[in-house]
Structure formats: C-alpha cells, structure tokens
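A quick write-up on the structure given underneath.
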Amino acid sequence: MSSDVVVIGAGISGYAAALRLRHAGATVTLVTKGMGGLALSPGTVDVLGRLGGAAGPAGPGAGAGADERSARRAITHPYAAIDASDLLPQGHPYRAIGRRATEAGVDRFAALVGPDLLTARPDCAAGGTGAGEGGSTVNAGEGPANLWLPTALGAVRPTLLVQPSMAASVLRDGGRYLVVGLARLKDFTAELVAGNLNRGELPGGGRVQARALTVDFEARAGESDTNAVGHARALDDPSGIDHLARLLDGKVRDGETVLLPAVLGLDRPGVFRELAERLGAPVGEIPLVPPSVPGLRLEHRLDRLAMAERVRVVMGGRVVDRQVERGRLVSVTSAAAGRPLRHRAGAFILAAGGFESGALAIDSYGTVTDTVLGLPLAGVSADGEENLRRLIHRDYWGAPQGLFRVGVAVDECMRPLGPDGTAALAGVHAVGGVLAGAVRWSEKSGEGIALGSAEAACDAVLTELGGADSPERAGGVQAARADTGGHDPDAGAAKTPESEDNLEEQD
Amino acid sequence: MFDVDTLAQRWDLPLPGKGGQRVVSGAAAVETAAHSLARASLDCCVKCTICETACPVMAVTDLFPGPKFVGPQAERYRNGQSVDHSIDYCSSCGTCTRVCPQGVKIAELNNQARAVMRAQNKAVPVRDRLITQTTLMGKVMTPIAPLANAALANRPIRVLMEKTVGVHRDAPMPHAQPQSLAGWLRRRTKRTDTLVPAGSRGPIVFFHGCAGGYFEVETSKRAIEVLEHIGYEVIIPKQGCCGLAAQSNGLYGQASASLVRLCEQLTAAGKDLTIVSSSGSCAGMLKHEAHEIMGVEAQALADVSPRTMELSEFLRDLDDAGELPHRFRRIDATVAYHAPCQLKGQNMGMPAIELMELVPGFNVVESGRACCGIAGTYGLKKEKYEVAQAVGGPLFDIVREVNPNLAVCDTETCRWQIEQSSGVKTVHPIWVLHAAYGLSRLAGIEPQP
C-alpha cells in the first residue's frame, strides 16, 4: 500500500500525528501492533510535573551543586520550565522540541478531542512574573499552572490538562471532600484515599479535609467484583446513575465535593454532571489503575476520528521489516495473515513507544535495540557488559536507573540522530515514548513530550511533502477528499520510489 | 507433507490406543507447533487488561469472565487440563489478539484450550457436528430450495429444531437457492463486452467457499463478473469446505482434513496463480486460523496461503497500483458497513471502505463495533443466542439508523445475522462495485430494472 505518510504506533503521539497530517490533506496509514497506551493512561495531559529524584539531576539552572540539582522538586508552570531550558538535563527531548511546539501540540490535541473530553487551558497563557522555576530567567509568560489531582492512593499528582469530569477533583486549600468508594470495585479504597489526603499537605502549602464513605453499587447483577470498565458501562445507563444517586442521597454535607473513582461513564462523558445535579454538589473523578476509563474515552474518540477521516488503520500489524534506499526509508512491512503487507510512503513517523510497548528492547547480553526501525540509540554503549552495569542496577533506592533515559536522540525536526550528531536515516521522524533523555513516569512529562514531538514532526513532514502549499491546506481533509474523490493512490505513489527492483535492502 | 498421524491424534476423531490417551489428556494439543507458539506468547502478557476492555462478549454477559482470565491467566494452570467451562462462552471473534499491545495470541490460546476441554469431557454435541457440515447442507438444500426455506421459516419446525438439535428458533439460517453456483457456471455465457479486454490480465482462481457455492450464489456471481469485467480470466475449480465451522467448534481433525483437501483443489487449478475469495472468513481460515490455531503443516497449505487474498484486499491493491479502472456510475447513498471479526483478524485494514468510496456519491459509515455476535456458529446455539444478540444489538441499531434499505458486510454468516436482526438487506461490498460498473442496479438503493 502507498500513502503520503506512515505512522507507526497508535498511542497519543501516533494518533495526534496521523490526524493532523490527514487534516492537512495527506493520505495516512497508521500501522500498529495493537491498541496504544492511552487505555493505560490516567486520561490527563501531563506536560512537566517534577524534576530531580528518580529522574536524575536536573540541568544547571536547577541549582549549582549536584545535590541541589538532584533534589526532587515540583514544577508549577511547565511551559515556563521548558522555556528555561537550563532547568532540563542535557539531551532531554524538550530541549529539541521547545516550548512553542509543546504548547501548540497540547492545544491542538485538546481541540481535537473536544471540550467534553479535555478542558483546554487558555488561562494565564500570557503575562507572568518573569521569574521561572528555580530562579531561572523566563522569556515569555509562565503559561498555565499545573493542577494537583488526587491519585487512587490519596497522593497528589501534578498535571496540566484534566477531563471535565476531574475538574472538581483538583485539590484546593481548605477544600472539603467526601471520598466515595464502590464496594465491588477493588481498585479503590475510600478510607485510604481520604486518610492520605488528610495527612498530606498540598505542594504549595495548604490542606484539605476528606472523609470516606463506601457504598454498595451493584454494577453488574450478581457480580461482587466488577472492574472499572464494567462500572463505567453501568453508569452509561441512566438507571445506573439513578441507582448511585440514591445510594448517596442525604450523605453529602453542605460544602463538600464528592470524589468518586474514575468510572463515571465510558461512552457518555457527561455522567459526572448528571450525578452532580442529582446530588446538588460538585462531583469529580479520581483516575485509577488500568483499565482506565478516562484513558479509554480518549482512545475511543481518537479511534472514531481516525476512522471518520479515513486514516488507514492497520491494527494487529507489527512492523517486521523495513526497506532503505540510498539512506532513506522507503517502506515498512507489517505482519498480516497469509503474507506480510508492505507500506510505502514519502515520510514515516515512528510513534511506537519505548520499552513498555516492546519498541525498545534489552536482552540478557545487554544489547539494546530499536525493534521497529533499528535506529541508533542514545544513552547506550556498544559494549553490552557496560550497558548491564550502567543501565540497570540493583540498588532500588539508589541512583536513577539509566535505562529510562535510553531512546532515539532527535534534532528539532524530530529526525533521528546517529552517534555523530547527524541524521541517521532520512524519511523518518521519531516521536513520543521512543525519544531519549526523559524519565516520563517520574517527571510526569509523557503526554507533553508526545504531543510536542508530534507537532514538531508534523511541521517538518508537511514542509517536506507539501512544498509550497504547506502547512495546512485550506479546508483540511474535506477539501482534500473532495479533490481526490476519497483517497488518491497516485498522490502517495508519486512521492514514493517506483522502482522496487532497485531497492537496496539494508540491515 | 501433511502429517496424518498428527491428524489422527486430534481430539475429534476416534481415538484408539495410546495416541488417543494423549489426545484426551490434551497433551497432543500442547505439543503442536501452533500451540507452543501461542503458549510462548503468554509470557508477554503484562495484565494490562486492554483485551477485556475490547471484548464484546464480556461486555454483555457475566457468563464469560474475559479473554485475559480464560487465556493467559488460566493457561498457566491448565497443564493440559481444562480449568472451567467459562471458556466455552468465548465467541472466538479474535478482537483480543488484534488489540493486544504485547502480541499475545489470546484468541488462539482460548480456541485451542476449548478444543482440549471438549476432548477431555468427550462433549462435542451432535448439534456442533451438524452445523459444521456446511457443504452437505448446501447439497441437500439446493435441490429442494423452496421446501428447505419454508421449513426453516416454519415456527413449529424451528421450535422442534431448538429442542432437539439446540439451534435457537430465531437464529439466522442460510437461505437456499434454486440454483447452485456450479449450476449457473454450467449454463451461463461469458460476457465479451468487458471494460478491459476479456482475459487480457490472465488467469486468476476464485475461491467461493461453501456458502458462496450454495447460499450466497449472487455474491459469487458478482465477484466473478467484476473480475472478468476488469480483464481477468476467472478459474473456478471444484472446491470443498475450508473447515472453518468445524475448527470454531473444536473439531480440528475434521477441519484439518477439509482444509488440506481444499488446498489441493485450489493448487490443482493452477500453480502460482492468485486466489481470490469473496468469503472473508474462509479466506481468513486459509491465511490465519489454519496456521495459528490448528497448526496444520501441509505443503498444500503453505503453497495456497500466501497466494490467497480477500476480494476487497485484492482490488484495493490493484487500485493502489493504479490498475483498477475507475469508470464507475454515480450511486448516491450512505450505508453502514461492518467489517467482520475474521476480516479484521487478517490485519490489513478495511480495504472494502476504500473501494466502495471510489464510487462517486457513495458514502460509508463504519460500524465501529467489534462484532455482530454470530461469530461463525456461536450465535446459532440456543444457549448463546441471547449473548450474541446483546453483542450485536448496538450494531443493528447503527445499521437501521444509517440506511434502512441497505447495509454492507463481507462475510456470509455476519450478513445473515445483521439482516435477520436489523431487518436491513445486507450485501457483500462487491455488490456495490458490480452496480457501479453498470453490471446491475444496487439492491435496496436503486429501482430494479
């Protein structure tokens, strides 16, 4: 098959890139081994929440000495911190992506999924004090501040964008909360959450008061252990909301906000609002361990958008081979029934994730590889023994694990770089979890990096492909489809090498 | 060559002697290459439960505890023995394998484990043996089509069938045709006024499957006519059943024997020729299930499998190469399209949508649903009928909403299920192209001449 662009991976960066390119009029094939990681995410957009700690020492702007740079610190204004690039360690992906692409990517994504699924943050986009994190100089406005969201253990977690169903969950000084547990949902214990919230202090100082209540909500008849998705499906039904509202009737005190586990509707994101009206109190969701209902809401929305806009989604198709011609990637081959499928394109976006999805792998000899395209990796040595010593150590509380920083190094166009700092393979842009230099789980930076890198990569791809009429063609995908009567195979074919016989098979 | 000994050790054939004991214990299944492969993949399961969120059966019934539970989780405890009966409620739609982000062969594992369970309990109902005899059904019903159709539409007969055989009284049944495909082929005169000179693109083999030979004769005709219209010489060898229904009921021996016989028939039609099928599920059997579920290692299959293409896939590739003529009539319509599980399991995207939308004025709304519920023969069974209807419910609503006159779907049993449950006429995508090339009027949309 031929397309203008092949995107590999169906996580947040893969979908964001595929849909943006499609909107711009390109034909896009999205090849993916399975469903992407959004279903496992809390369904929020984290841009940058913390530095130091398990992420390792921050950049020089975070304090002069190694101890100060290694101290774990909260970030209040993520865009300002990205802007003050001396806060970030050398090789961090935000240093290549930059603030502009990150903000644009995050904003574009919020607009893409719509206000019923993500609350955009135009607030305090400009202005600010000029004094950034750790005293660094900030050139532009601080941008929106991080929100503090309770976790399913009652800890607090920084994030930038939340779903409207979580707006009431954002913790505020002096807030009073009724944490409601559902007896048949084993992943959430109201007493634990309320206890920890009472015990803790908000990062900026300030305290909350929380009390716990557990009700017996029967999500599926006759079942005493129903998962989050089963609960959410029950609440998609008005009778489910009614059932839950009756269980909570008269239990909410004046001035309290009701916090429930994030199961308030899978197909209908407005369930929280209906429940709030019934109870006469604000209602908010607390994200859970997977399967994550808020993550699935985003996943389902993107899946539907990709289908509606005719991104060719090839699911179940692990990339098993690649063809390189004169230093340029010209096609990838995915596993399929009967015989493998070859996908030719003018440009490729690698959005396959990192170790967690199998796109990066380390074996018992310490050999670390990009299993999809075989790109050179930063943060590893050619010597396997050295990798085993340096990347994973047994000291749980000790120095940061080197493995988390391993990945593909890129320039500002998200082109993969070789060890000598020059482009490693033409025609490819790497985005999201495969990028080197970030410890996403500790920094709370996963979605910001994914969306920022997708934005930067799409900018570059549109310039390469579209020439004069890039970036976005007026009218977007509708105009493009009207032009070509659906998909124009010639448009894709014209930009891809015709002479298959001359392909030099590398690797 | 095809290993007859392995076949004899499968659990649905008479099991004399020592080999039989191994089969009853499930050891034979565990030792087959396919099973080893599927088992090896379960170490990749990280319990993310994405499969559970996508499973259409688990969403509607508590009788099925979900693909992760009966698959990677239970498999560790089976050791050749079945753990519980809940696995029988898996419909084998394959959604779990397709969505798994770690490449675990969940559906394949479940299918194999169910076959072991049936062998172990010596419990393959007569019903399951009957409904897998698809060729036989066609042969018996075609000569007495009006009678057979009347009987299957007769309430008391269906109630009796439910009570004695276990096929639900409301389950969709194939509609017998007065003329088989073979009958039509014998009598027809080939068109010479084709769009691309007749036969100029050389020979191609057409695989119609049992349903395409006896029940969905119109679909087969249209597929042949479109292929001829665009310049192919279509070879239609005598062909038996691919064994899919038997396989999905755990009768691997019967399935393997049918499959190998079919592969030999298809090979005999011409070496190295492309084989095209308008039966997405039967093509899927040759491309996927035979290898990954049954582990058949036969030369004939190895030869046929890579040459087999689902019809829309074939035409899409032709279009991709710029070789599909675009001389289409305009057909103004918006219809719902449902890609069956077995088509999705071929991991090739949804070529039918791309093809149909080449027709000016024709718009497709993809169903967005994992499964129609029938899953081969699953939805026919009286104990599973309600589950299957609940699985398909939202799909039937979409189909009715988008266009009450026509829907499109690639496989036969899914079409029968959608048509019966939604009341909307449901056709194969080739009907749309056939009409757009001016070879017919599109049923349900355009007035018939």
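First to last, the sequence lines map onto chains A and B. Here the first sequence is numbered in the working numbering, starting from 3 and rising by one per residue. Here the second sequence is numbered in the working numbering, starting from 221 and rising by one per residue. Virtual Cβ for every residue (Gly too), placed ideally from N, Cα, C.
Counted within 10 angstroms of its Cβ, other Cβ atoms place residue i as buried (16 or more) or exposed
{"i": "residue 356 of chain B", "result": "exposed"}
{"i": "residue 558 of chain B", "result": "buried"}
{"i": "residue 210 of chain A", "result": "buried"}
{"i": "residue 387 of chain A", "result": "exposed"}
{"i": "residue 241 of chain A", "result": "exposed"}
{"i": "residue 391 of chain A", "result": "exposed"}
{"i": "residue 173 of chain A", "result": "buried"}
{"i": "residue 648 of chain B", "result": "buried"}
{"i": "residue 625 of chain B", "result": "exposed"}
{"i": "residue 352 of chain B", "result": "buried"}
{"i": "residue 13 of chain A", "result": "buried"}
{"i": "residue 40 of chain A", "result": "buried"}
{"i": "residue 438 of chain B", "result": "buried"}
{"i": "residue 327 of chain A", "result": "buried"}
{"i": "residue 347 of chain B", "result": "buried"}
{"i": "residue 380 of chain B", "result": "exposed"}
{"i": "residue 229 of chain B", "result": "For residue 229 of chain B, the predicted structure reports a pLDDT of 49, less than 50, and the residue's modelled location is therefore unreliable. The matter cannot be settled from this model."}
{"i": "residue 367 of chain B", "result": "exposed"}
{"i": "residue 383 of chain B", "result": "exposed"}
{"i": "residue 360 of chain B", "result": "exposed"}
Cβ distance (whole Å) where residue i is taken to contact residue j below 8 Å
{"i": "residue 300 of chain B", "j": "residue 336 of chain B", "result": "7 Å"}
{"i": "residue 380 of chain A", "j": "residue 334 of chain A", "result": "Wrong, their Cβ atoms sit about 22 Å apart, outside the cutoff."}
{"i": "residue 553 of chain B", "j": "residue 585 of chain B", "result": "The Cβ separation is near 11 Å, so there is no contact."}
{"i": "residue 443 of chain B", "j": "residue 531 of chain B", "result": "6 Å"}
{"i": "residue 427 of chain B", "j": "residue 502 of chain B", "result": "7 Å"}
{"i": "residue 373 of chain B", "j": "residue 397 of chain B", "result": "Incorrect: roughly 15 Å between the Cβ atoms, too far for contact."}
{"i": "residue 319 of chain A", "j": "residue 567 of chain B", "result": "5 Å"}
{"i": "residue 284 of chain A", "j": "residue 167 of chain A", "result": "About 11 Å; that fails the 8 Å criterion."}
{"i": "residue 297 of chain B", "j": "residue 303 of chain B", "result": "6 Å"}
{"i": "residue 20 of chain A", "j": "residue 30 of chain A", "result": "5 Å"}
Bridge partners - residue i, DSSP secondary structure assignment
{"i": "residue 628 of chain B", "result": "B:557, B:647"}
{"i": "residue 292 of chain A", "result": "According to DSSP, which records beta bridges pairwise, residue 292 of chain A is partnered with nothing at all."}
{"i": "residue 111 of chain A", "result": "Residue 111 of chain A pairs with nothing; no bridge assigned."}
{"i": "residue 178 of chain A", "result": "A:211"}
{"i": "residue 336 of chain B", "result": "In the DSSP output, where bridge partners are listed per residue, residue 336 of chain B has none listed."}
{"i": "residue 306 of chain A", "result": "Residue 306 of chain A pairs with nothing; no bridge assigned."}
{"i": "residue 412 of chain A", "result": "A:418"}
{"i": "residue 150 of chain A", "result": "A:160"}
{"i": "residue 184 of chain A", "result": "A:217"}
{"i": "residue 287 of chain A", "result": "A:262"}
{"i": "residue 5 of chain A", "result": "A:347"}
Residue i vs residue j beta-carbon contact at 8 Å
{"i": "residue 48 of chain A", "j": "residue 449 of chain A", "result": "yes"}
{"i": "residue 360 of chain A", "j": "residue 427 of chain A", "result": "no"}
{"i": "residue 94 of chain A", "j": "residue 456 of chain A", "result": "no"}
{"i": "residue 268 of chain A", "j": "residue 295 of chain A", "result": "yes"}
{"i": "residue 493 of chain B", "j": "residue 459 of chain B", "result": "no"}
{"i": "residue 464 of chain A", "j": "residue 108 of chain A", "result": "no"}
{"i": "residue 182 of chain A", "j": "residue 156 of chain A", "result": "no"}
{"i": "residue 266 of chain A", "j": "residue 219 of chain A", "result": "no"}
{"i": "residue 274 of chain B", "j": "residue 590 of chain B", "result": "yes"}
{"i": "residue 293 of chain A", "j": "residue 270 of chain B", "result": "yes"}
{"i": "residue 295 of chain B", "j": "residue 333 of chain B", "result": "yes"}
{"i": "residue 632 of chain B", "j": "residue 499 of chain B", "result": "yes"}
{"i": "residue 455 of chain B", "j": "residue 489 of chain B", "result": "yes"}
{"i": "residue 630 of chain B", "j": "residue 575 of chain B", "result": "no"}
Test: residue i CB closer than 8 Å to a CB of chain E
{"i": "residue 405 of chain A", "result": "Chain labels in this structure do not include chain E; the protein chains are A and B."}
Practice task
Starting from the N-terminal side, write out each stretch of the alpha helix (DSSP H) that is 4 residues or longer and does not extend beyond the region 568 to 625 of chain B.
Solution key: 571 to 576, 605 to 622
Exercise for the section: Output the residue ranges of the alpha helix (DSSP H) runs that lie fully inside the region 202 to 283 of chain A and measure 4 residues or longer, sorted by chain position. Expected result: 230 to 238, 240 to 250, 273 to 281
Exercise for the section: Mind listing, in chain order, the continuous alpha helix (DSSP H) runs of no fewer than 4 residues lying wholly within the region 309 to 393 of chain A? Expected result: 386 to 393
Handout entry: Runs of beta strand (DSSP E) wholly within the region 416 to 464 of chain A (minimum 3 residues, chain order)
Key = 430 to 432
Problem - Length at least 3, wholly inside the region 400 to 450 of chain B: the beta strand (DSSP E) runs in chain order - result: 423 to 427
Practice task
For the region 471 to 529 of chain B, list the beta strand (DSSP E) runs that are entirely contained and at least 3 residues long, ordered along the chain.
Solution key: 495 to 497
Handout entry: Secondary structure, beta strand (DSSP E): runs of 3+ residues fully inside the region 21 to 76 of chain A
Key = 30 to 34
Handout entry: Length at least 4, wholly inside the region 259 to 285 of chain B: the alpha helix (DSSP H) runs in chain order
Key = Fully enclosed alpha helix (DSSP H) runs of 4 or longer: 270 to 274.
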